[in-house]
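Trainee:
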Amino acid sequence: MKAITVTPGTAGSVSLKEVPEPTPKPRQLLLKVLKVGICGTDMDIVNGFYGEAPPGSPYLILGHESLSRVESIGPGCKGFKKGDLVVPTVRRGCLENCLNCRNGESDMCLTGHYKEHGIKGLHGFASELTVSDSRFVVKLPESLSEVGVLLEPLTIVEKGIEQAFRIQNARMKWKPSTALVLGSGPVGLLATALLRQMGLAVTTVARKPADTPKARLASSTGATYVDVQARPLSSMEDKFDLVFEATGSTSVALEAQNLCGTNGVVSFIGIYKSQAETEDAGKVFTNLVLGNRVYFGSVNANISYFRQGASDLVKIRRKWNGFLEGILTNHIPLAEAESAYVPKGEDDVKTVLEME
Ligand code: BGC
Numbered sequence: 002m003k004a005i006t007v008t009p010g011t012a013g014s015v016s017l018k019e020v021p022e023p024t025p026k027p028r029q030l031l032l033k034v035l036k037v038g039i040c041g042t043d044m045d046i047v048n049g050f051y052g053e054a055p056p057g058s059p060y061l062i063l064g065h066e067s068l069s070r071v072e073s074i075g076p077g078c079k080g081f082k083k084g085d086l087v088v089p090t091v092r093r094g095c096l097e098n099c100l101n102c103r104n105g106e107s108d109m110c111l112t113g114h115y116k117e118h119g120i121k122g123l124h125g126f127a128s129e130l131t132v133s134d135s136r137f138v139v140k141l142p143e144s145l146s147e148v149g150v151l152l153e154p155l156t157i158v159e160k161g162i163e164q165a166f167r168i169q170n171a172r173m174k175w176k177p178s179t180a181l182v183l184g185s186g187p188v189g190l191l192a193t194a195l196l197r198q199m200g201l202a203v204t205t206v207a208r209k210p211a212d213t214p215k216a217r218l219a220s221s222t223g224a225t226y227v228d229v230q231a232r233p234l235s236s237m238e239d240k241f242d243l244v245f246e247a248t249g250s251t252s253v254a255l256e257a258q259n260l261c262g263t264n265g266v267v268s269f270i271g272i273y274k275s276q277a278e279t280e281d282a283g284k285v286f287t288n289l290v291l292g293n294r295v296y297f298g299s300v301n302a303n304i305s306y307f308r309q310g311a312s313d314l315v316k317i318r319r320k321w322n323g324f325l326e327g328i329l330t331n332h333i334p335l336a337e338a339e340s341a342y343v344p345k346g347e348d349d350v351k352t353v354l355e356m357e
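Plus 1 on top of the position in the sequence shown (first one is 1) and you've got the working numbering.
1) Please find out if some non-hydrogen atom of the ligand BGC comes closer than 7 Å to the beta-carbon of R92.
2) If we call anything under 8 Å between Cβ atoms a contact, is L335 one with K36?
3) Quick check: what's the CA-CA separation for L17 versus T6?
4) Evaluate contact between the stretch 330-344 and the stretch 157-171, counting only Cβ atoms and requiring at least three cross-stretch pairs below 8 Å.
5) Would you mind stating whether K209 and D228 have Cβ atoms separated by less than 8 Å?
6) Take the Cβ of K116 as the centre, count every other Cβ of all protein chains shown within 10 Å, and call the residue buried at 16 or more, exposed below.
7) What runs of the beta strand (DSSP E), each 3 residues or longer, lie entirely inside the stretch 213-246?
8) Please tell me whether L354 and A127 are closer than 8 Å, where the distance is taken between their beta carbons.
9) Kindly give me the distance between the Cβ atoms of L234 and V203, rounded to whole angstroms, as I take these residues to be in contact under 8 Å.
10) Can you list, in chain order, the residues of its chain whose CB lies under 6 Å from that of E153, leaving out five sequence neighbours each side?
11) So, under 8 Å CB-CB, L141 and L86 are touching, yes? Tell me the CB distance rounded to an integer number of Å.
12) If you scan the stretch 28-112 from start to end, which runs of the alpha helix (DSSP H) of 4 or more residues do you find wholly inside it?
13) Taking only the alpha-carbon atoms, compute the straight-line gap between K83 and D108 and give it to the nearest angstrom.
14) If you count every other CB in all the chains shown that lies within 10 Å of the CB of I1, and 16 or more means buried, which is it?
15) Do the CB positions of R136 and R308 come within less than 8 Å of each other?
16) Could you spell out where the alpha helix (DSSP H) holding K160 opens and where it closes?
17) Residue range of the beta strand (DSSP E) that V182 falls in?
18) How many whole angstroms separate the CB atoms of A180 and L196, which I take to be in contact at a CB cut-off of 8 Å?
19) Nearest by alpha-carbon distance to T112: which of R103, H118, P23, G119 is it?
20) Buried or exposed for P89, please, with buried defined as at least 16 other CB atoms from any protein chain shown within 10 angstroms of its CB.
21) Tell me which residue opens and which closes the alpha helix (DSSP H) that I304 is part of.
22) I need the straight-line Cα distance from E97 to G283, nearest angstrom please.
23) With DSSP as the reference, label S14 as helix, strand or coil.
24) Examine the ligand BGC and report whether any of its heavy atoms sits within less than 7 Å of the Cβ of V300.
25) Does D242 pass the burial test, meaning 16 or more other C-beta atoms within 10 Å, or should it be called exposed?
26) If I measure Cβ to Cβ from H1 and keep anything under 7 Å in the same chain, skipping five residues before and after, which residues do I get?
27) Quick test of the definition: if touching needs 3 or more C-beta pairs under 8 Å, does the stretch 257-276 touch the stretch 157-164?
28) Thinking C-alpha only, which one of K320, Y306, I333 is nearest G105?
29) What did DSSP end up calling S275 once you bin it into helix, strand or coil?
30) Hey, V253 and L314: beta-carbon distance below 8 Å or not?
31) In three-state terms, what does DSSP make of G265?
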């Protein structure tokens with residue numbers, strides 16, 4: 002079968018290869034892959050900065066954002082039938098089986114020895130057929146057959162927002178009404194929609210004019226869109242109950258804390274490059290203390306966020322017709338996969354590989 006592979010650590014090694022078909026082990030489902038999404042993590046792997054092949058394999062099959070149909074059901078898999086539309090989670094627990102991995106929360110793994118499909122130590126889903134342990138697979142309704150590939154990036158948003166609510170509700174009475182989303186990439190747009198769907202007044206900021214596609218998608222959910230080139234973050238006077246940082250830019254992340262209101266919370270989900278900081282660290286910490294603010298980071302998502310995300314995708318799709326489809330700007334056939342991993346234009350949101 003065909004698979005998209007890389008040699009981790011070697012930039013430019015992405016290649017469409019013939020590889021052996023996987024044989025499902027007990028408890029595993031054999032899946033026919035329909036779509037695979039490409040994100041910044043994939044680009045980091047392709048550029049040689051990140052990624053680890055499974056032990057003994059010279060290559061890593063890419064792909065952690067996926068949508069598949071069940072092809073066959075191995076012994077010990079309950080609740081699935083051939084043809085079900087499904088998405089597997091990304092992370093599997095550590096060998097040590099730490100407290101959180103043991104508790105079904107490998108996204109909170111303590112040892113760092115977890116594995117991630119298509120990223121770290123496990124093949125991904127960018128192949129014609131794949132396998133996954135059925136305990137880490139969620140079913141999707143047929144209405145999501147075109148956009149269900151957005152479930153994995155949505156789970157990153159689900160966790161970042163759910164944890165913000167959990168933290169805040171544990172420390173006081175909290176009735177947030179405003180949210181600021183930094184970034185208008187796929188994750189920023191999904192965060193905008195989810196927070197709007199939850200009834201918050203959302204402001205989404207990015208570095209693009211208001212009449213460009215990403216800005217229009219954000220506005221279509223009823224969010225207020227702000228182009229920071231016309232109105233710099235430093236000039237914004239509003240303070241927000243919840244700030245969701247999805248740009249991955251260190252300077253924007255530093256700016257984020259100035260926009261968080263009293264008793265507010267900032268959720269960071271980017272990977273930030275180190276750079277000489279210009280912000281006064283004393284000012285940052287004093288702002289944190291005097292405003293009872295919480296800044297926290299969030300990575301990955303366990304199956305509970307995939308279940309919640311599946312239900313929210315249905316709601317978002319019903320509420321804003323065409324919004325989710327609008328995020329999937331580039332559809333590339335499997336045969337042209339190698340060309341999919343190149344930087345895209347400013348107006349492109351997400352590239353999806355069509356695997357059939
Ligand atoms: C994935 C996460 C993963 C993270 C770090 C992200 O792109 O969505 O599931 O934990 O990369 O490897």
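We put the CB at the ideal spot given by N, CA and C, even for glycine.
Mentor: Taking the geometry as given:
1) yes
2) no
3) Computed Cα separation, rounded: 6 Å.
4) Result no; under three Cβ-Cβ pairs closer than 8 Å.
5) Less than 8 Å divides the Cβ of K209 from the Cβ of D228.
6) buried
7) 225-228, 241-246
8) yes
9) The Cβ separation is near 16 Å, so there is no contact.
10) Within the same chain, E66 come within 6 Å of E153 by CB-CB distance, once the 5 residues on both sides are set aside.
11) 5 Å
12) 41-47, 100-103
13) 29 Å
14) Residue 1 cannot be examined here, being either before or after the span of the chain that is shown, 2 to 357.
15) no
16) 152-172
17) 179-183
18) 5 Å
19) R103
20) buried
21) For I304, the enclosing alpha helix (DSSP H) stretches over residues 304-320.
22) Rounded to whole angstroms, E97 to G283 spans 39 Å at the Cα level.
23) coil
24) True, at least one ligand heavy atom lies under 7 Å from that Cβ.
25) buried
26) Summary: the structure shown does not reach residue 1, with the chain confined to residues 2 through 357, and so no result is reported for it.
27) yes
28) The candidate whose alpha carbon is nearest that of G105 is Y306.
29) coil
30) no
31) strand
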